[in-house]
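Just so you know, the sequence shown maps onto residues 1 to 582 in UniProt numbering.
Taking it in order: structure first as structure tokens, then the write-up.
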Amino acid sequence: MSKVHSAGPVAVVGRLPPSVHLNRLSLLYNVVFTIKIATTPFFAYLTEPFPWALPAAVHPAWNATTSTEYSTMTAAYLQSIYNNATMPASSVCYRHGATNSNVLRLVRPLPPSTDTCVEYLVHMPGAGLYGAGMRRFVCTFLAASASQRRGMPWHHCLHAVMAGLPLGEVCVWFESTPHPRDVVVYHAMIIWENVGWCWGKLLFRCLLTTYILSVLWRRYYKHYAGLVHNLRTVGVHDDAPFAAYEVIVGDPTYQILRDPVVSIVMVLDIWLGMAYVAIATERVSQYEDWWQFLLGCMYTSRYVWNGYLMMWILSRVAKRCCWERWFSPVDPSFLGVMAYFYGGPILLLVGNTSLMVPIHALWDVAAPAQDRDYYMEVMPGCAFWSIVMASVPVTASTSVTLGRRVRRLWGGAQPHDDLLSGRHFCPRQYNDVKSRFVLKIAMRRVAYEVPLEGGSLYTLIQRRPSFRRMPLFSHRGADCCVLAYHRDKTVVRQMRLTLRDCIDLLQLRHIDAAVPVCVSMTPSTYCTLSSATCALCRASTGRSGMLRLHAGANYSPWLLCLNDGPMSECIRMGATRQCSHR
Numbered sequence: 001m002s003k004v005h006s007a008g009p010v011a012v013v014g015r016l017p018p019s020v021h022l023n024r025l026s027l028l029y030n031v032v033f034t035i036k037i038a039t040t041p042f043f044a045y046l047t048e049p050f051p052w053a054l055p056a057a058v059h060p061a062w063n064a065t066t067s068t069e070y071s072t073m074t075a076a077y078l079q080s081i082y083n084n085a086t087m088p089a090s091s092v093c094y095r096h097g098a099t100n101s102n103v104l105r106l107v108r109p110l111p112p113s114t115d116t117c118v119e120y121l122v123h124m125p126g127a128g129l130y131g132a133g134m135r136r137f138v139c140t141f142l143a144a145s146a147s148q149r150r151g152m153p154w155h156h157c158l159h160a161v162m163a164g165l166p167l168g169e170v171c172v173w174f175e176s177t178p179h180p181r182d183v184v185v186y187h188a189m190i191i192w193e194n195v196g197w198c199w200g201k202l203l204f205r206c207l208l209t210t211y212i213l214s215v216l217w218r219r220y221y222k223h224y225a226g227l228v229h230n231l232r233t234v235g236v237h238d239d240a241p242f243a244a245y246e247v248i249v250g251d252p253t254y255q256i257l258r259d260p261v262v263s264i265v266m267v268l269d270i271w272l273g274m275a276y277v278a279i280a281t282e283r284v285s286q287y288e289d290w291w292q293f294l295l296g297c298m299y300t301s302r303y304v305w306n307g308y309l310m311m312w313i314l315s316r317v318a319k320r321c322c323w324e325r326w327f328s329p330v331d332p333s334f335l336g337v338m339a340y341f342y343g344g345p346i347l348l349l350v351g352n353t354s355l356m357v358p359i360h361a362l363w364d365v366a367a368p369a370q371d372r373d374y375y376m377e378v379m380p381g382c383a384f385w386s387i388v389m390a391s392v393p394v395t396a397s398t399s400v401t402l403g404r405r406v407r408r409l410w411g412g413a414q415p416h417d418d419l420l421s422g423r424h425f426c427p428r429q430y431n432d433v434k435s436r437f438v439l440k441i442a443m444r445r446v447a448y449e450v451p452l453e454g455g456s457l458y459t460l461i462q463r464r465p466s467f468r469r470m471p472l473f474s475h476r477g478a479d480c481c482v483l484a485y486h487r488d489k490t491v492v493r494q495m496r497l498t499l500r501d502c503i504d505l506l507q508l509r510h511i512d513a514a515v516p517v518c519v520s521m522t523p524s525t526y527c528t529l530s531s532a533t534c535a536l537c538r539a540s541t542g543r544s545g546m547l548r549l550h551a552g553a554n555y556s557p558w559l560l561c562l563n564d565g566p567m568s569e570c571i572r573m574g575a576t577r578q579c580s581h582r
């Protein structure tokens, strides 16, 4: 297919230009969103220390000559920090910034029988982080009689390492209480971090924030300047005499997530701070202190980037293998909100039930067999948990697709005319969660009967899923809405515009479904996707009744799918094309 280049800058003169303004609510939302997404890398400091607050690393057992001596010296050091004299009686989870350590403390009744060691173990503080030696110590302690316990250690410590690199020291110890059948159980961890490494992470996150802001501007916000200019100087495609336009800015989340660099770097950032994931895990494994639980949920919510990265990878695979029909686009903002819930509650469930037993096996699989009592290699367990978190959005996408197929089988197909109607894809109804909320408020005075243009694009995408550039991501929220006003300040038209790079018009693997580009001689604010023909279309293709992209003025990146009769007929006849590999 030969390329046809767009015409140069176009402007229409000789008429009073209409006024154009951006909707204030959508602007406010985007300011808040930009601040939130730009500061996302710094949410880690809700748990991690800043470089200037990092204490000097002093190993409490630096001169220990045996593993037993190491365990005793490390436990004594942590017991001097965390005890009834230094902690409030009601404190369950406590972070000691001066030593970069954390503790989880719970009162537990002694079990009546040694046969319930595993059942008792899952209710210990931080039990999901127990290595083989720590689990053996707890079971031995519980199996001993009261007289035997007086002559045995009440503590056990081990080294936590990742790929052989030290992360910290982990200890568990018991303390007696006035009640002979109760004990206080402490689980504490010291994290080792170099000051230079800490400063490096801060610089790394600053660079990531800068890159995120540049992506937001290059791929989304800068396009609104051209849209406003075209509305003032060119107008819409039919040259209707509108007096004013209001532009409702969309949600740029899709444009951030389709950039793999952001997701890759965010996942890398999680692994750079893996030691602090242990602290967050301790926080969400208890529910007595809800503030600490919330902090843990906020930190573990960063795992949603594992899901975003997996969605990007599978989107590329789906495009290459023509599997678009097997996946449904997932609202990325919905996943971001759900991350606070499926991160914390899932960890809470695993950390207090026998579901942690397979995790225990992962802590042991890579630890040295001869030193397993005093070493815990966390790499396999962390990799497993990353995969679990990455699978959640993929499961959601395939479940939605399966659910729709079941509804079609059991509930009947959707009425054909409704599917072809642009009204079915009204931006206030057919949109992502956050965008629906913003649009319903911003357009609260706009009647639903106002003519809508642009909805047919999603009818086309439903019929031909290959037009989705990223099959697992929903790009609906990135659409902007333009309201056209008459001089009496009444809204007489609403237009739903989509960025051209959100959809795949080239169809490299669906050659016969590719959309040819026509340089429209009639100036328009945006590109139009239509089956209508002009003299240039007929001269270049010689075909009628096929979709064409008519370029907009000034190289406009915005696209509107016309709801005309020929377009509806083209969609009705447009069955899914066969995949053609080049």
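Idealized CB from N, CA, C, for every residue including glycine.
It should be emphasised that the depicted structure is a prediction, and the values quoted were computed from it without experimental measurement.
Grouping DSSP H, G and I as helix and E and B as strand, with all else coil, what is residue 562? Taking the sequence shown and counting its residues from 1, one reaches residue 562 at position 562. Three-state result, residue 562: coil.
Segment contact flag, the segment 263–282 with the segment 301–312, C-beta cutoff 8 Å, min 3 pairs: yes
If distances are taken between C-alpha atoms only, which option among 263, 111, 449 comes closest to residue 336? Counting from one through the sequence shown, the residue named residue 336 turns up at place 336. For residue 336, the nearest C-alpha among the options comes from 263.
Close Cβ partners of residue 386 (< 6 Å) along its chain, the five nearest in sequence each way excluded: Looking up residue 386 in the sequence shown gives position 386. Excluding positions up to five away in sequence, the list reads 306.
In or out: residue 339 buried (at least 16 other Cβ within 10 Å) or exposed? Locating residue 339 in the sequence shown gives position 339, where the first residue counts as 1. By the 10 Å Cβ count, residue 339 comes out buried.
Identity of the residues DSSP links to residue 527 by a beta bridge: In the sequence shown, counting from the first residue as 1, residue 527 sits at position 527. Answer by DSSP bridge pairing, in chain order: 559.
Under three-state DSSP, which class holds residue 174? As a first step, residue 174 must be located in the sequence shown, where it is residue number 174. Three-state DSSP puts residue 174 in a strand.
Do you know how far the Cα of residue 322 is from the Cα of residue 75? Counting from one through the sequence shown, the residue named residue 75 turns up at place 75. Counting from one through the sequence shown, the residue named residue 322 turns up at place 322. Rounded to the nearest angstrom, the two C-alpha atoms are 58 Å apart.
Among the residues of its own chain, which have a CB less than 7 Å from the CB of residue 366, if the five just before and after it don't count? The residue you call residue 366 lines up with position 366 of the sequence shown. Only 377, 379, 380 meet the Cβ criterion.
Leaving out five residues on either side along the sequence, give the residues of the same chain with a beta carbon under 8 Å from the beta carbon of residue 254. Stepping through the sequence shown from its first residue, residue 254 is reached at position 254. 332, 470, 473, 474, 475, 477, 478, 502.
Quick check: the segment 310–327 against the segment 159–169, are there 3 or more CB pairs under 8 Å? no
Taking just the CA atoms, how far does residue 443 sit from residue 21? Position 21 of the sequence shown holds residue 21. Position 443 of the sequence shown holds residue 443. Whole-angstrom Cα-Cα distance: 14 Å.
Residue 182: first and last residue of the uninterrupted beta strand (DSSP E) it sits in: Indexing the sequence shown from 1 puts residue 182 at position 182. 182–191 is the extent of the beta strand (DSSP E) around residue 182.
Range of the contiguous beta strand (DSSP E) that encloses residue 95: Within the sequence shown, residue 95 is the residue found at index 95, counting from 1. Note, residue 95: beta strand (DSSP E), 93–96.
List the endpoints of the continuous alpha helix (DSSP H) containing residue 369. By one-based count along the sequence shown, residue 369 stands at place 369. Unbroken run through residue 369: none, as it is neither H nor E.
Going by DSSP in three states, residue 33 sits in which element: helix, strand or coil? Translated into positions along the sequence shown, residue 33 becomes position 33. Residue state, collapsed to three classes: helix.
Would you call the CB atoms of residue 176 and residue 183 closer than 8 Å? Your numbering for residue 176 matches position 176 in the sequence shown. Your numbering for residue 183 matches position 183 in the sequence shown. Yes, the Cβ-Cβ distance between residue 176 and residue 183 is below 8 Å.
If you follow the alpha helix (DSSP H) that residue 138 is part of, which residue opens it and which one closes it? Within the sequence shown, the letter at position 138 stands for residue 138. Unbroken alpha helix (DSSP H) run through residue 138: 132–143.
Less than 8 Å between the C-beta atoms of residue 248 and residue 216, yes or no? Against the sequence shown, residue 248 aligns to sequence position 248. Against the sequence shown, residue 216 aligns to sequence position 216. In this structure, residue 216 does not lie closer than 8 Å to residue 248 by Cβ.
Nearest neighbour of residue 104, chosen from 146, 259, 88 [CA to CA]: Looking up residue 104 in the sequence shown gives position 104. The option with the nearest alpha carbon to residue 104 is 88.
Return the CA-CA distance between residue 416 and residue 456, expressed in angstroms with no decimal places. Residue numbering aside, residue 416 sits at position 416 when the sequence shown is read from its first letter. Residue numbering aside, residue 456 sits at position 456 when the sequence shown is read from its first letter. Annotation note: pLDDT 43 at residue 416 (below 50); position unreliable, coordinate value reported separately. Roughly 13 Å separates the two Cα atoms.
How big is the Cα-Cα spacing for residue 296 and residue 68? Your numbering for residue 296 matches position 296 in the sequence shown. Your numbering for residue 68 matches position 68 in the sequence shown. The straight-line gap from Cα to Cα measures roughly 32 Å.
Short Cβ contact (8 Å threshold) for residue 38 with residue 212: By one-based count along the sequence shown, residue 38 stands at place 38. By one-based count along the sequence shown, residue 212 stands at place 212. The answer is yes: Cβ separation under 8 Å.
Report the three-state DSSP secondary structure of residue 20 (helix, strand or coil). Taking the sequence shown and counting its residues from 1, the one referred to as residue 20 is at position 20. It is a strand residue.
For residue 288, is the classification buried or exposed, using 16 other Cβ atoms within 10 angstroms of its Cβ as the cut-off for buried? Taking the sequence shown and counting its residues from 1, one reaches residue 288 at position 288. So residue 288 ends up on the exposed side.
Go ahead and pull the three-state DSSP assignment for residue 285. Your numbering for residue 285 matches position 285 in the sequence shown. Of the three classes helix, strand and coil, the one that applies to residue 285 here is coil, per DSSP.
With distances taken from CA atoms, which of 426, 209, 500 is nearest residue 36? As a working mapping, residue 36 is identified with position 36 in the sequence shown. Answer by Cα proximity: 209.
Taking its Cβ as the centre, do 16 or more other Cβ atoms sit within 10 Å of residue 464, making it buried, or is it exposed? In the sequence shown, residue 464 corresponds to position 464, counting from 1. When all chains shown are included, residue 464 counts as buried.
Helix, strand or coil: how does DSSP classify residue 88 here? If you number the sequence shown from 1, residue 88 lands on position 88. In this structure, residue 88 counts as coil in the three-state DSSP scheme.
Closest residue to residue 55 among 190, 516, 206, 530 (Cα-Cα distance): Residue mapping note: residue 55 aligns to position 55 of the sequence shown, counting from 1. Among 190, 516, 206, 530, the Cα nearest to that of residue 55 is on 190.
Report yes if the C-beta distance between residue 63 and residue 193 is below 8 Å; otherwise report no. The sequence position of residue 63 within the sequence shown is 63, counting from 1. The sequence position of residue 193 within the sequence shown is 193, counting from 1. Cβ distance not < 8 Å, so residue 63 and residue 193 don't count as in contact.
Return the chain-ordered ranges of every alpha helix (DSSP H) run that is complete within the segment 433–503 and spans a minimum of 4 residues. 433–442, 456–463
Which of the three DSSP states is assigned to residue 64 in this structure? For this step, residue 64 is matched to residue 64 along the sequence shown. Residue 64 falls in the coil class under three-state DSSP.
Could you check what DSSP says for residue 344 in three-state terms: helix, strand or coil? For the purposes of this step, residue 344 is taken as residue 344 along the sequence shown, with counting starting at 1. Residue 344 falls in the helix class under three-state DSSP.
By the 10 Å Cβ neighbour count, where 16 or more other Cβ atoms means buried, how is residue 488 classified, buried or exposed? Within the sequence shown, residue 488 is the residue found at index 488, counting from 1. Label assigned to residue 488: exposed.
Does the beta-carbon distance from residue 499 to residue 427 come in below 8 Å? Position 499 of the sequence shown, counted from the start, is the residue given in the question as residue 499. Position 427 of the sequence shown, counted from the start, is the residue given in the question as residue 427. Contact: no.
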